[in-house]
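There are 2 protein chains.
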Amino acid sequence: MNETTDRLKALQTQLIDHLSTEAKNIGETGPVNLYQPIEYTLNMGGKRLRPVMVLLANELFGGNPEDAMNAALAVEIFHNFTLLHDDIMDNADMRRNKPSVHKKYSENIAILSGDAMSIMAYRYLLKTKAARLNEIISLFTETAIEVCEGQQYDMDFENRLDVTVEEYLEMIRLKTAVLLACSFKMGALSANASNSDAENIYQFGINLGLAFQLQDDLLDCYADQDKFGKRIGGDIVANKKTFLLINAMELASEKLKPKLTDWLQQDSFDEQEKIAAVKAIYQETGVKEICEKAINDYYNKALISLEQIGIDENKKTILQLLAKSIMEREH
Amino acid sequence: MNETTDRLKALQTQLIDHLSTEAKNIGETGPVNLYQPIEYTLNMGGKRLRPVMVLLANELFGGNPEDAMNAALAVEIFHNFTLLHDDIMDNADMRRNKPSVHKKYSENIAILSGDAMSIMAYRYLLKTKAARLNEIISLFTETAIEVCEGQQYDMDFENRLDVTVEEYLEMIRLKTAVLLACSFKMGALSANASNSDAENIYQFGINLGLAFQLQDDLLDCYADQDKFGKRIGGDIVANKKTFLLINAMELASEKLKPKLTDWLQQDSFDEQEKIAAVKAIYQETGVKEICEKAINDYYNKALISLEQIGIDENKKTILQLLAKSIMEREH
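Residue numbers (this note's numbering), protein chains in the order written: chain F, 67 to 397; chain V, 67 to 397.
This is the structure we're talking about:
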């Protein structure tokens with residue numbers, strides 16, 4: 067297992083090195099106010115999960131790593147573009163303990179730098195040397211549109227109290243899971259994997275992504291505060307429509323439901339009191355267990371997709387390790 | 067000449083038909099709040115200059131019009147995306163006598179719909195059936211990044227009084243000319259034109275674009291109010307760094323320059339008085355004539371590039387007509 071862990075770390079280091087070199091060279095001669103925020107964004111850090119997935123899939127299917135690096139950079143730059151624009155839309159002042167771009171520079175600069183990043187993702191994609199480049203670009207394009215759809219549904223949900231579990235799962239599939247799945251599949255395509263393998267690793271990514279996002283909902287409410295990076299209960303305070311809240315709304319008894327709705331409609335409240343009250347309703351409706359079961363189900367579905375991939379069993383260890391490390395994170 | 071005019075109109079009609087069908091079908095099943103603003107934007111009207119340029123170049127080089135239509139739609143959707151985001155950045159409430167997207171819907175919706183449009187442009191590009199598709203996508207991508215750079219320079223210039231003529235010309239090349247040039251070249255590439263023809267029609271577009279933008283500066287100040295769609299002198303009121311103003315700043319005498327600077331720094335003023343005073347300085351510095359000469363020079367350069375294109379002379383008539391119609395517009 068140690069060798070596998072080392073390989074995963076090596077891929078991550080390789081990616082981080084490439085990314086920081088690229089960030090430095092971006093727009094050497096262009097307008098500073100366009101390119102400096104992009105460099106700032108790309109140097110903010112993060113686990114670089116998506117590009118590592120591209121490199122990993124390329125490696126597992128016997129591809130040439132150089133062919134996958136540009137696709138990996140493309141997906142990371144695209145992901146950071148979505149975070150940048152999401153921060154404007156969510157009015158989020160901080161990102162990874164640093165001021166978000168629209169706070170550090172200006173909203174106009176954040177809009178335009180993000181626009182440039184989404185196009186620069188294509189510049190990197192086009193540098194990818196793969197026989198199936200057009201398939202890669204098409205997959206990326208359809209995925210990117212899905213991510214926009216997911217973000218729109220997420221914003222729509224803010225103003226609704228009647229979001230169903232099904233709608234919520236579709237939203238997180240679009241907003242989170244498809245880009246993880248696309249990353250794996252891009253790596254597979256860059257290595258010219260078979261169509262069925264490319265599809266299986268895509269499904270592995272979808273199910274892992276759903277498990278990952280539900281885990282996020284769970285941790286926000288039930289993580290160990292010492293290990294958790296953010297404040298526990300932030301989603302409850304912000305009335306965020308999470309898997310927990312939506313299930314609680316669906317399952318709450320005649321007596322409980324007005325209580326929950328009441329908390330959602332309060333304009334001023336004591337935060338700790340609200341968190342405790344909503345968590346008590348979660349307890350009564352049993353939504354923590356429902357969430358844990360759903361995470362487990364998606365995780366197991368991911369492992370089944372993994373089993374179906376036609377590569378040596380020992381090669382799959384690294385994907386299992388990656389999946390495990392994603393699910394074990396506390397932040 | 068009548069036949070040529072009819073052909074140009076026919077291409078425009080064909081394009082408008084396709085675009086309105088596409089607008090109707092966009093996002094039939096996706097989130098309404100994402101796709102409705104896109105449909106609204108695409109139905110706002112406009113001369114559809116860029117996509118007509120794609121279709122025209124394809125036709126002149128003997129291409130299959132069906133191959134060029136998707137590239138034409140891509141460039142129009144991209145152009146409308148830039149207008150949408152520019153309107154947020156410029157805080158412009160109206161576009162073509164209708165509320166701009168961020169006013170009609172919301173700023174968040176305008177940001178996200180624009181993001182989706184820029185990616186949808188690639189969806190259309192990828193549908194283009196051309197042997198040189200990757201060249202077309204690369205050209206489009208590099209052009210799109212240049213357009214972002216142009217917009218950034220334009221915003222940078224708002225806060226500067228020392229913009230040079232050279233810097234200004236580079237800004238309008240990036241913000242306006244390259245997309246016109248790219249449209250022509252995409253059409254040429256879709257018809258598999260020779261590299262030198264593709265380059266010549268690109269240069270035709272660049273020079274026409276520069277002439278077009280300088281004409282815009284001139285009209286804003288000197289158009290016939292009855293024929294001009296907007297209020298005369300709007301650029302002067304807003305201190306917009308135009309070719310006229312930048313030249314006036316460079317050429318104004320020791321005595322005149324403080325007067326001009328003073329008007330630029332006034333926070334409250336009578337609009338007509340400011341327009342009259344700045345125009346008097348333009349008169350003294352002779353910048354109207356300098357602008358007219360520059361327009362003429364770029365227009366003639368465009369015609370020289372046109373001469374060098376290796377197609378029948380009678381086929382060039384339609385490009386000459388297009389160039390003329392662009393320069394004769396009063397709005």
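C-beta atoms are modelled at their ideal positions from N, C-alpha and C, and glycine is treated no differently.
In this structure, cysteine 248 of chain F sits away from leucine 100 of chain V, with a CB-CB distance that is not shorter than 9 Å.
Considering only V:Ala123, V:Val118, V:Tyr365 and V:Ile392, the residue with the shortest C-alpha distance to alanine 257 of chain V is V:Ala123. Contacts with chain V (Cβ-Cβ distance below 8 Å) from the region 190-220 of chain F involve Leu192, Leu199, Asn200, Ile203, Ser204, Thr207, Glu208, Ala210, Ile211, Cys214, Glu215, Gln217, Gln218 and Tyr219, listed in chain order. Put simply, the CB of tyrosine 348 of chain V is far from chain F, with every gap to its CB atoms at 9 Å or more. The beta carbon of glutamine 78 of chain V sits closer than 7 Å to those of Arg114 and Val118, all from its chain and outside the five residues before and after it, given in chain order.
Contact between alanine 140 of chain F and tyrosine 219 of chain F is absent: CB atoms are separated by about 24 Å, not below the 8 Å threshold. Boundaries of the alpha helix (DSSP H) harbouring methionine 237 of chain F: 231-238, taken from the DSSP string. Note on geometry: alpha-carbon atoms of proline 131 of chain F and leucine 108 of chain V lie some 41 Å from one another.
Taking alanine 196 of chain F as reference, the option from F:Met160, F:Leu255 and F:Leu385 with the minimal CA-CA separation is F:Leu255.
A straight line joining the alpha-carbon of phenylalanine 278 of chain F with that of glutamate 105 of chain V spans about 34 Å. With distances taken between CA atoms, isoleucine 377 of chain V lies nearest to V:Gly128 out of V:Arg297, V:Ser166 and V:Gly128.
For proline 117 of chain V, the enclosing alpha helix (DSSP H) begins and ends at 115-126. Taking the Cα of threonine 308 of chain F as reference, the smallest distance to any Cα among F:Gly271, F:Glu232 and F:Asn157 is reached at F:Glu232. Ranked by Cα distance from glutamate 339 of chain V, the first of V:Ile92, V:Ser371, V:Glu316 and V:Ile298 is V:Ile298. Of all residues in the region 99-121 of chain V, only Asn99, Leu100 and Tyr101 place a beta-carbon less than 9 Å from a beta-carbon of chain F.
Contiguous alpha helix (DSSP H) elements confined to the region 281-366 of chain F occur at 300-303, 309-317, 322-331 and 337-351, taking only those with 4 or more residues. Taking the Cα of lysine 321 of chain V as reference, the smallest distance to any Cα among V:Ile347, V:Leu310 and V:Asn313 is reached at V:Ile347. The C-alpha of alanine 342 of chain F is placed about 40 Å away from the C-alpha of proline 103 of chain F. Using a Cβ-Cβ cut-off of 8 Å, isoleucine 185 of chain V is close to Ser184, Thr207, Ala210, Ile211 and Cys214 of chain F, given in chain order. For histidine 151 of chain V, the C-beta contacts it makes with chain F under 9 Å involve Ile177, Leu178 and Asp181, in order along the chain. One thing to note: aspartate 282 of chain V has its Cβ no nearer than 9 Å to the Cβ of glycine 300 of chain V. Apart from sequence neighbours up to five positions away, the residues of its chain that approach isoleucine 82 of chain F with a beta-carbon distance below 7 Å are Arg114, ordered along the chain. Annotation for alanine 360 of chain V: Leu280 place their beta carbon closer than 6 Å to its own, counting only its chain and skipping 5 residues before and after.
Under the Cβ criterion (8 Å, minimum of three pairs), the region 288-298 of chain V does not count as touching the region 385-394 of chain V. Excluding its 5 nearest sequence neighbours in each direction, asparagine 305 of chain V has C-beta neighbours in its own chain below 6 Å: Leu330, listed in chain order. The beta-bridge partner set that DSSP reports for arginine 161 of chain F consists of F:Lys164. Of all residues in the region 157-177 of chain V, only Asn174 and Ile177 place a beta-carbon less than 7 Å from a beta-carbon of chain F. Of all alpha-carbon atoms in V:Asn380, V:Gln374, V:Lys382 and V:Lys90, the one lying nearest the alpha-carbon of aspartate 263 of chain V is that of V:Gln374. A direct Cα-Cα distance of roughly 29 Å separates arginine 116 of chain V from glutamate 173 of chain F.
With respect to the 9 Å criterion, cysteine 357 of chain F and leucine 310 of chain F are classified as neighbours on the basis of their beta carbons.
Contact check for isoleucine 203 of chain F against isoleucine 203 of chain V passes: the beta carbons are separated by less than 9 Å. Chain V has a Cβ within less than 9 Å of the Cβ of glycine 96 of chain F. Of all residues in the region 218-244 of chain F, the ones placed with a Cβ closer than 8 Å to any Cβ belonging to chain V are Gln218, Tyr219, Met221 and Asp222, in chain order. Each of F:Gly112, F:Met155 and F:Met315 was checked against the Cα of isoleucine 392 of chain F, and the nearest Cα belongs to F:Gly112.
Close to isoleucine 312 of chain V, with beta-carbon spacing below 9 Å, lies no residue of chain F; the smallest spacing is near 17 Å. Boundaries of the alpha helix (DSSP H) harbouring isoleucine 392 of chain V: 379-394, taken from the DSSP string.
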